[in-house]
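Undergrad: Same order as they appear, the protein sequences are chains H and U. Numbering follows our numbering, with no gaps: position 80 of the first sequence is 80. Just so we're on the same page, our numbering is the position in the second sequence counted from 1, plus 1000. To start, I am sharing the structure in question, which I have written as structure tokens.
Number of protein chains: 2
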Amino acid sequence: MTDFTDALRVAKQRVTPSRLAVLEVLEKEKRPLSVEKVISLIGEKNIDYVTAYRTITMLKKAGLVKQIDFQHNHAHYELASLGDHHHVVCVKCDRVADVVNCGIKKMEEAALAESGFQKITEHALEFFGVCKKCTV
Amino acid sequence: MTDFTDALRVAKQRVTPSRLAVLEVLEKEKRPLSVEKVISLIGEKNIDYVTAYRTITMLKKAGLVKQIDFQHNHAHYELASLGDHHHVVCVKCDRVADVVNCGIKKMEEAALAESGFQKITEHALEFFGVCKKCTV
DNA sequence: TCGTCACTTGCAATTTAATTGCATCTGTAA
DNA sequence: TTACAGATGCAATTAAATTGCAAGTGACGA
């Protein structure tokens, strides 16, 4: 019984080949993938695209994957178990670098206080810039 | 000659009624709006939706508006001149609160160092949680 | 281990968001 | 005032995501 099987059971969701395939591909790539990309990595003949969308939506609700937005007009998704980190996206070549040491916890506390919300459960933070290879 | 006329001239873009209308509605609302919402506030008969999309895209490239993502499957846009602030979105009712004091500058420096990028020009940061009114 | 049934899947169709092509119109620089 | 690059409006198209429904399957209890 793998970690993903456990995780799905804990989330009270059925363990199916499609779900494990999606989780495994996200685990293997360790970077934010579009649904399109998830499907092509699993193989179009191995998963229906509607199932892929439904699976991703469910995994997001269950807290197993996070939605990442690169302002590319379609969402990307990443394993939540990769932990709290963020991305720097090159606006010229779409290269993505990770950022781990971001000190977001303090900001989250400040945001909670300032907004007067009851709680904050998630955040999305991406940086946009130009990578070394795209520098003229 | 308004600020917006100036801003468009500085960005080497023509000053047209459509562009001023989009900027004015964003100025008036002071919150992130979908293109759909921008159109309905201007009035469907006053601007073609294709023009609205093209205008927003141009304004974003020119740096006059910022794209904001609430994970609602369509982008929102806000005047860039509102300055560096962020949002807390209620996942139950979509209420949006602003966050001004977020200390993002330091994080941006850290992200630049860690990523090895040449420069960072933008960032997107949104928080998700539950507002007081949606608390059970 | 087997049967049941609620949940999941795959297919077709649809909705929603955004883009493209092209003819016409217009802002602006000379 | 005119010429023309760039902007606009309309129709059509592409891309992303969702819905309905019949058939299939995971997981629970006997």
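A virtual CB, placed ideally from N, CA and C, is assigned to each residue, including glycine.
By how many angstroms is the C-alpha of T57(H) removed from the C-alpha of I39(H)?
TA: 14 Å
Undergrad: Quick check on the burial criterion: 16 or more other C-beta atoms within 10 angstroms. Buried or exposed for V972(U)?
TA: In the structure displayed, chain U extends from 1001 to 1136; residue 972(U) sits before or after that span and is not available.
Undergrad: Comparing the C-beta of T1121(U) with each C-beta of chain H, is any distance below 8 Å?
TA: yes
Undergrad: Please give me, in chain order, every unbroken run of the alpha helix (DSSP H) with length at least 4 that falls completely inside the region 34 to 70 of chain H.
TA: 35 to 42, 49 to 61
Undergrad: Determine the closest residue to Y1137(U) out of I1068(U), A1021(U), V1065(U), with distance taken between C-alpha atoms.
TA: Since the first residue shown for chain U is 1001 and the last is 1136, residue 1137(U) is missing from the structure and cannot be characterised.
Undergrad: With DSSP run on the structure shown, which of helix, strand or coil describes H1123(U)?
TA: strand
Undergrad: Residues of chain H with CB under 8 Å from D1069(U), in chain order?
TA: D69, Q71, A124
Undergrad: So, is the C-beta of C131(H) closer than 8 Å to a C-beta in chain U?
TA: yes
Undergrad: Please confirm whether C102(H) and A1113(U) have their CB atoms less than 8 Å apart.
TA: no
Undergrad: Would DSSP call V1136(U) helix, strand or coil?
TA: coil
Undergrad: Since D1094(U) sits in a beta bridge, which residues does DSSP pair it with?
TA: According to DSSP, D1094(U) bridges with nothing at all.
Undergrad: Does P1032(U) pass the burial test, meaning 16 or more other C-beta atoms within 10 Å, or should it be called exposed?
TA: buried
Undergrad: Please list, in chain order, all residues of the same chain as T1007(U) whose beta carbon is under 7 Å from its beta carbon, the five residues on each side excluded.
TA: Note that residue 1007(U) is Ala in the sequence shown here, rather than Thr. The answer, listed in chain order, is L1064.
Undergrad: State the Cα-Cα distance for the pair V25(H) and H1086(U), rounded to the nearest angstrom.
TA: 32 Å
Undergrad: Give the interface partners of S1115(U) over in chain H, defined as CB-CB distance under 7 Å, in chain order.
TA: V88, A97, V99
Undergrad: Is it buried or exposed, K1030(U), if we count other Cβ atoms within 10 angstroms and call 16 or more buried?
TA: exposed
Undergrad: How long is the line joining the alpha carbons of D1003(U) and S1081(U), rounded to whole angstroms?
TA: Rounded to whole angstroms, D1003(U) and S1081(U) show a C-alpha spacing of 11 Å.
Undergrad: Shortest alpha-carbon distance to E96(H) belongs to which of C131(H), K28(H), Q71(H)?
TA: According to the sequence as given, residue 96(H) is Val; it is not Glu. Measuring from the Cα of V96(H), the nearest candidate turns out to be C131(H).
Undergrad: To the nearest angstrom, how far is it from the Cα of T1055(U) to the Cα of I1047(U)?
TA: Going by the C-alpha atoms only, they are around 10 Å apart.
Undergrad: Which of the three DSSP states, helix, strand or coil, is assigned to F4(H)?
TA: In the structure shown, F4(H) sits in a helix (DSSP, three-state: H, G or I).
Undergrad: Return helix, strand or coil for V1025(U), following the three-state DSSP convention.
TA: helix
Undergrad: Can you tell which of A62(H), S34(H), V89(H) has the C-alpha that lies nearest to the C-alpha of V10(H)?
TA: Nearest of A62(H), S34(H), V89(H) to V10(H), Cα basis: A62(H).
Undergrad: Starting from T1055(U), find everything on chain H with Cβ-Cβ shorter than 9 Å and list it in chain order.
TA: Below the 9 Å Cβ cutoff, chain H contributes no neighbours of T1055(U), its closest Cβ being approximately 17 Å away.
Undergrad: Have a look at the DSSP bridge pairing and note the partners of V1130(U).
TA: Beta-bridge partners assigned by DSSP to V1130(U): K119(H).
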